[in-house]
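Enquirer: First the structure, which I've put down as structure tokens, then a few questions once you've had a look.
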Amino acid sequence: MEHRGIARLRSGDVLLVMESLEQIKSRIEAAVPGAKIEIVQNGSPSQQHSLLIDNEHAVAIARFLRVDPTLCLDFCSNVTGVDWLDRLVKKAMKVKKLVEGQEKEIVETTEEKIPGYLEAVYHLYSMIHKHGPVIIRMRTSDRADHTRLPSLTSIWRSAEFQEREIFDLYGIRFEGHPDLRRILMWDEFEDYPMRKDYREPDDYEWEPTPHDEVLEKAKQHHAPRPELDGAEQISTTQ
Amino acid sequence: MSQIDEQLRTELQRQGVWVTSMQELYNWGRKNSIWPLQFGLACCAIEMIATAASRYDIARFGGEVFRPSPRQADLMIVAGTVTKKMAPQIVRLYNQMADPKYVIAMGACAISGGPFKQGYNVLKGIDRYIPVDVFIPGCPPRPEALLHAFMELQRKIDEQKLTGSDKADFLKPEQPSEFPVPRFGKHDLEPSANRDVFQPPVIER
Chain A
12 MEHRGIARLR
22 SGDVLLVMES
32 LEQIKSRIEA
42 AVPGAKIEIV
52 QNGSPSQQHS
62 LLIDNEHAVA
72 IARFLRVDPT
82 LCLDFCSNVT
92 GVDWLDRLVK
102 KAMKVKKLVE
112 GQEKEIVETT
122 EEKIPGYLEA
132 VYHLYSMIHK
142 HGPVIIRMRT
152 SDRADHTRLP
162 SLTSIWRSAE
172 FQEREIFDLY
182 GIRFEGHPDL
192 RRILMWDEFE
202 DYPMRKDYRE
212 PDDYEWEPTP
222 HDEVLEKAKQ
232 HHAPRPELDG
242 AEQISTTQ
Chain B
6 MSQIDEQLRT
16 ELQRQGVWVT
26 SMQELYNWGR
36 KNSIWPLQFG
46 LACCAIEMIA
56 TAASRYDIAR
66 FGGEVFRPSP
76 RQADLMIVAG
86 TVTKKMAPQI
96 VRLYNQMADP
106 KYVIAMGACA
116 ISGGPFKQGY
126 NVLKGIDRYI
136 PVDVFIPGCP
146 PRPEALLHAF
156 MELQRKIDEQ
166 KLTGSDKADF
176 LKPEQPSEFP
186 VPRFGKHDLE
196 PSANRDVFQP
206 PVIER
């Protein structure tokens with residue numbers, strides 16, 4: 012756990028080292044009563060852990076992150092979406108059981124189905140203290156009907172277009188957004204192309220040199236050739 | 006028209022008599038003042054700008070007057086990725102150009118979608134909606150390639166006949182000069198290609 016302190020880079024340059032996420036979490040919980048915050052660990056080399064904040068208190072938490080004098084996260088550099096499909100998580104449990112009259116320890120694996128959800132991720136920096144990023148996430152309760160999240164445009168104006176983009180490509184509806192329309196695709200468009208279960212329209216009828224995925228798609232337009240296709244399945248022995 | 010013997014003509018020219026035909030004169034004038042429509046779509050547009058600037062100088066071929074209005078333009082250089090959201094506007098601009106009009110599809114994206122072919126939002130070639138005269142491959146094509154395409158188009162214009170059954174398409178009254186603008190659909194552009202224009206050859210497998 013790192014502590015807040017002062018690091019000297021060059022003579023004269025003073026850099027405030029940011030608080031750890033645990034400290035930020037406990038301070039938010041003190042400042043915003045009832046806020047539920049979870050630290051999401053990132054196991055990759057970047058080690059960019061993030062704060063999962065609850066949707067009810069999201070705006071209050073965001074306001075705290077922005078106005079708090081030691082954090083002062085006044086710059087929202089990036090907002091993006093993530094689509095998480097339903098997934099199975101295997102858990103190994105050691106259970107004591109009677110096997111052939113003897114008590115033995117057996118490892119039992121149980122599968123838990125985690126329902127899918129959509130996520131919005133905000134990367135926050137401080138222009139004044141020159142620190143960051145603090146990453147906050149919000150999750151919808153599912154991928155189909157309840158895809159609403161509070162908009163943080165009222166806190167960081169730069170989130171406006173990026174929330175529109177997430178709405179356009181992932182289908183998260185941001186409540187309280189001043190102008191929630193599609194931004195990249197046309198208004199009549201109904202799909203959400205960045206979702207993992209999106210199927211693009213099939214216009215692969217003219218493919219002179221198809222390969223890999225394009226070949227699979229182009230094959231649907233090929234005329235059937237029963238005398239050639241499937242010839243390898245004809246056996247000589249009758 | 007232009008039925009004069011080539012040998013006789015060169016002989017006459019040696020004697021100081023210059024013989025021409027209406028068609029030759031007309032095509033000579035047209036091919037040396039092709040005014041492109043001034044618009045760019047992506048990185049190919051940067052190469053198009055370089056072609057128009059002093060180093061490559063498309064003015065040497067009479068194409069320097071980039072017109073900001075389709076009414077005054079003869080040539081549409083589709084320079085870059087045509088997104089599906091942009092495609093109806095391209096077709097609309099083409100429809101607003103006056104005949105005779107020509108199209109150069111510049112770069113891999115304008116030809117086929119290029120590296121973005123598998124994207125949900127990129128049109129797989131502008132030839133799906135409008136007829137294209139010259140295709141230039143490249144990503145992006147160098148200015149020399151665009152000049153080559155330009156000269157190829159000049160050659161094409163020079164060969165166009167004004168009379169007879171094999172006269173140029175723009176002189177035939179039954180030949181359409183406007184093409185239907187695709188509509189924004191729920192999942193894709195509707196239709197996804199204009200079958201009257203887009204007739205790809207059958208692929209031999």
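Sequence lines, in order, name chains A and B.
Its first residue numbered 12, the first sequence is counted upward by one per residue in my numbering.
Its first residue numbered 6, the second sequence is counted upward by one per residue in my numbering.
For each residue, glycine too, the CB sits at the ideal point set by N, CA and C.
Can you give the Cα-Cα distance for A/D79 and A/G92, rounded to whole angstroms?
Expert: 26 Å
Enquirer: Just confirm the distance between the C-beta atoms of B/C49 and B/G124, as a whole number of angstroms; I'd bet it's less than 8 Å.
Expert: Contact between B/C49 and B/G124 does not hold, since their C-beta atoms are separated by about 17 Å, which reaches or exceeds 8 Å.
Enquirer: Going along chain A in order, which residues have a C-beta closer than 7 Å to the C-beta of B/G190?
Expert: Result: E199.
Enquirer: Check each candidate in A/I147, A/R193 and A/R38 and name the one with the smallest Cα separation from A/L163.
Expert: A/I147
Enquirer: Contact check, B/S117 vs A/D214 under 8 Å by CB: the rounded distance?
Expert: Not confirmed; about 11 Å, so no contact.
Enquirer: Decide if A/E218 is buried, meaning its Cβ has at least 16 other Cβ atoms within 10 Å, or exposed.
Expert: buried
Enquirer: In terms of residues, what are the limits of the beta strand (DSSP E) holding A/E40?
Expert: It is not in any beta strand (DSSP E) - A/E40 instead sits in the alpha helix (DSSP H) that spans L32 to A42.
Enquirer: Identify whether B/L17 lies in helix, strand or coil by the three-state DSSP scheme.
Expert: helix
Enquirer: Does any C-beta atom of chain B lie closer than 9 Å to the C-beta of A/L195?
Expert: Yes, because at least one Cβ of chain B sits closer than 9 Å to the Cβ of A/L195.
Enquirer: Should A/D240 be labelled buried (16 or more other beta-carbon atoms within 10 Å of its own) or exposed?
Expert: exposed
Enquirer: For A/A103, collect the residues of the same chain with a Cβ closer than 7 Å to its Cβ; drop the 5 residues on either side in sequence, then sort them by chain order.
Expert: V118 and T120
Enquirer: Would you call the segment 162 to 177 of chain B and the segment 19 to 33 of chain B in contact, with 3 or more CB pairs under 8 Å?
Expert: Here the segment 162 to 177 of chain B makes contact with the segment 19 to 33 of chain B; the two share three or more CB pairs at distances below 8 Å.
Enquirer: Note down the Cα distance separating B/Q20 from B/W40, rounded to an integer number of angstroms.
Expert: Straight-line Cα distance between these residues: approximately 36 Å.
Enquirer: For the putative contact between A/E40 and B/K191, defined by C-beta atoms under 8 Å, what is the C-beta separation to the nearest angstrom?
Expert: Actually they are not in contact, since the Cβ atoms of A/E40 and B/K191 sit about 45 Å apart, beyond 8 Å.
Enquirer: Comparing the CB of B/T88 with every heavy atom of the ligand ADP, is any distance shorter than 8 Å?
Expert: You won't find the ligand ADP in this model; it holds no ligand whatsoever.
Enquirer: Around the C-beta of B/I141, are 16 or more other C-beta atoms found within 10 angstroms, so that it is buried, or is it exposed?
Expert: Around the CB of B/I141, 16 or more other CB atoms lie within 10 Å, so the residue is classed as buried.
Enquirer: Mapping DSSP to helix, strand and coil, what is B/R200?
Expert: coil
Enquirer: Based on the DSSP output, what are the partners of B/A84 in its beta bridges?
Expert: B/M111
Enquirer: Are A/F178 and A/I166 closer than 9 Å when you measure CB to CB?
Expert: no
Enquirer: Since A/H233 meets chain B, which of its residues come closer than 7 Å, beta carbon to beta carbon?
Expert: R210
Enquirer: In three-state DSSP terms, what is B/V207?
Expert: coil
Enquirer: Does the Cβ of A/I125 have 16 or more other Cβ atoms within 10 Å, making it buried, or fewer, making it exposed?
Expert: Counting Cβ neighbours within 10 Å, A/I125 comes out exposed, since fewer than 16 surround it.
Enquirer: Taking C-beta pairs closer than 8 Å, name the residues in chain A that B/S197 reaches, listed in chain order.
Expert: P212 and D214
Enquirer: If I measure Cβ to Cβ from B/I9 and keep anything under 8 Å in the same chain, skipping five residues before and after, which residues do I get?
Expert: For B/I9, the CB contacts under 8 Å within the same chain, skipping 5 residues up- and downstream, are V24 and S26 in chain order.
Enquirer: Three or more C-beta pairs under 8 Å: does that hold for the segment 74 to 89 of chain A against the segment 100 to 115 of chain A?
Expert: no
Enquirer: Span of the beta strand (DSSP E) holding A/P144?
Expert: H142 to R150
Enquirer: Within 10 Å of its beta-carbon, does B/R200 have 16 or more other beta-carbons around it, so buried, or fewer, so exposed?
Expert: exposed
Enquirer: Are B/C114 and B/V127 close, meaning C-beta to C-beta below 9 Å?
Expert: In contact: B/C114 and B/V127 (Cβ atoms closer than 9 Å).
Enquirer: Quick one: using the 10 Å Cβ neighbour count with 16 as the cut-off for buried, is A/E174 buried or exposed?
Expert: buried
Enquirer: On the criterion of 16 or more Cβ atoms from any shown chain inside 10 Å, does A/S61 qualify as buried, or is it exposed?
Expert: buried
Enquirer: Can you confirm whether the segment 149 to 156 of chain B touches the segment 12 to 19 of chain B when touching is taken to mean that 3 or more C-beta pairs between the two stretches lie within less than 8 Å?
Expert: no
Enquirer: Which residues, in chain order, does the segment 80 to 114 of chain A contribute to contact with chain B at a C-beta distance below 9 Å?
Expert: Flagged: no residues at all.
Enquirer: Identify whether B/D193 lies in helix, strand or coil by the three-state DSSP scheme.
Expert: Correct three-state label for B/D193: coil.
Enquirer: Quick one: is B/C144 buried, meaning 16 or more other Cβ sit within 10 Å of its Cβ, or exposed?
Expert: Its Cβ having fewer than 16 others within 10 Å, B/C144 is exposed.
Enquirer: In or out: A/S22 buried (at least 16 other Cβ within 10 Å) or exposed?
Expert: Here A/S22 scores only 49 on pLDDT, less than 50, and its place in the model should not be relied on; the value that follows carries that caveat. Looking at its Cβ environment, which holds fewer than 16 other Cβ atoms inside 10 Å, A/S22 is exposed.
Enquirer: Please tell me whether B/P205 has its Cβ less than 9 Å away from any Cβ of chain A.
Expert: yes
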